[in-house]
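>
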Ligand code: 0X9
Ligand code: ZN
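Numbering (my numbering), first residue to last: 228 to 638.
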């Protein structure tokens, strides 16, 4: 677990986020909540109130939730402090380096149009608000792509995690530029691998978060729920052990699981895409923030039952951590949460699956965990580049990392 870096500093400082205008469903007040918690069991109890836990420390967590959830935490006697922010931040000026949906669409359209031999861009679904969810397929040999080992990289499940959208975009641009520039490693990879990149799974949520030039701290998609609220947490909506803990059945909540597994267009689009690309052996879902490398299981405390699979996840996570400096751990070490992408992709397809919680480690001072500014985009990509290349490399047979030649080899 991460060491407490901010100890001794005032909670006021801890809550000094970037300017954020909070506009949420219904008329709830929203708060950053400092809640006493000493282990994963207490963190799971906290998660079950419906808040989103964003920072985990040795003896407390920082969560984001509404006044009802705040009350529940008060009743537990664990609430140490609450902070309600309501000030503005201008996205387009300071953070214009981040891509909004139109800019992202333009950037990947350009990449595909200029490199039709290696990049194919498709829409895998249209959202409730009519936006395309884009997928890029990058390989030097499209005719035989399905015969090659594949890895899939995605971002933007959670609306406010804008850095998680920049990573897949930069990754796509990197592969193409380096291939064209004659980088032998990338040429080798694109000749022998099939790369799938979905930069933003939740474009409606992402656009809502930056609507009107002010951040709204939005997490979910923009589905209209039966009770009149908005949004399903897409990382609670996948259909493996869906609804078995750490997700909420209340549409008001940050971790609303949806009315049924795969009720959402976005999660269903990922399901269909992964189901039909049977050559995928590796999956990486970018989120932010906390600097973590997470792997299944997330819906229960027990580890992956198949010994080699557990070892592969552990070995890969530890190796990648040496490059990006993140903390490798099983997802439920954070807190129990069911219905996330990686429990499904591993649970159903036995795809070796990771969630990266990108920088920063903390919410910082005037920076803001979800809104860390444009200066982090390139350094965070650079530190994650080697892990990305590594994952792609080992997609031919992830069990190679064990050096024992055992375990399923796909395809
Ligand atoms: O809660 C989430 O969905 C992820 N964290 S985030 O701050 N990006 O929202 C972490 C998911 C980890 N998975 C489980 N604990 N199951
Ligand atoms: Zn997230």
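Backbone N, C-alpha and C fix where the C-beta goes; we use that ideal spot for every residue, glycine too.
Roughly how many angstroms separate the alpha carbons of residue 358 and residue 425, rounded to a whole number?
Roughly 14 Å between the two C-alpha positions.
> Could you pull out every residue in the same chain whose Cβ sits closer than 6 Å to the Cβ of residue 573, ignoring the five residues on either side in sequence?
Counting only Cβ-Cβ distances below 6 Å, and skipping sequence neighbours, we find 523 and 580.
> Quick one: Cα of residue 366 to Cα of residue 587, how far?
Going by the C-alpha atoms only, they are around 32 Å apart.
> Is residue 389 near the ligand ZN, with its Cβ less than 7 Å from a heavy atom?
No, Cβ of residue 389 sits at least 7 Å from all heavy atoms of the ligand ZN.
> Which residues in the same chain have their Cβ closer than 6 Å to the Cβ of residue 397, if we skip the five residues on either side of it in sequence?
So the qualifying residues of the chain are 608.
> When you compare each of 331, 465 and 526 to residue 496 by their alpha carbons, which one comes out closest?
When each option's Cα is compared against that of residue 496, the closest is 465.
> Alpha carbon to alpha carbon, what distance is there between residue 405 and residue 323?
Spanning the two alpha carbons is a distance of roughly 25 Å.
> In chain order, which beta strand (DSSP E) runs of at least 3 residues are fully inside the region 561-594?
Taking only runs of at least 3 residues, the beta strand (DSSP E) segments lying wholly in the region 561-594 are 579-585.
> Can you tell me where the beta strand (DSSP E) holding residue 292 begins and where it ends?
Counting along the chain, the beta strand (DSSP E) containing residue 292 begins and ends at 287-293.
> Report all residues from its chain with a CB closer than 8 Å to the CB of residue 286; omit the five preceding and five following residues, and keep chain order.
For residue 286, where only same-chain residues beyond five positions count, the Cβ hits under 8 Å are 231, 263, 264 and 265.
> Suppose the cutoff is 6 Å on Cβ atoms and the five residues either side in sequence are ignored; what does the same chain contact list for residue 360 look like?
Result list for residue 360: 351, 352 and 496, in chain order.
> Would residue 331 and residue 392 qualify as a contact pair, given that the criterion is a beta-carbon distance under 8 Å?
Yes, they are a contact pair.
> Flag this pair as yes or no: are the beta carbons of residue 618 and residue 378 separated by less than 8 Å?
Contact flag set, yes.
> Taking all protein chains shown into account, do 16 or more other C-beta atoms lie within 10 angstroms of the C-beta of residue 268, making it buried, or fewer, making it exposed?
Per the 10 Å Cβ criterion, exposed.
> Identify every residue that forms a DSSP beta bridge with residue 644.
There is simply no residue 644 to check, as the chain begins at 228 and stops at 638 in what is shown.
> Under a Cβ-count criterion, where at least 16 other Cβ atoms within 10 Å of its own Cβ denotes burial, should residue 528 be classed as buried or exposed?
When all chains shown are included, residue 528 counts as exposed.
> Could you round the C-beta distance between residue 278 and residue 296 to whole angstroms and report it? I think they count as a contact, below 8 Å.
Their Cβ separation, rounded to whole angstroms, is 5 Å, which keeps residue 278 and residue 296 in contact under 8 Å.
> Taking 7 Å as the limit between beta carbons, can you name the residues of its chain near residue 355, skipping five residues before and five after?
Closer than 7 Å at the Cβ level, and outside the excluded window around residue 355, lie 431, 449, 450 and 492.
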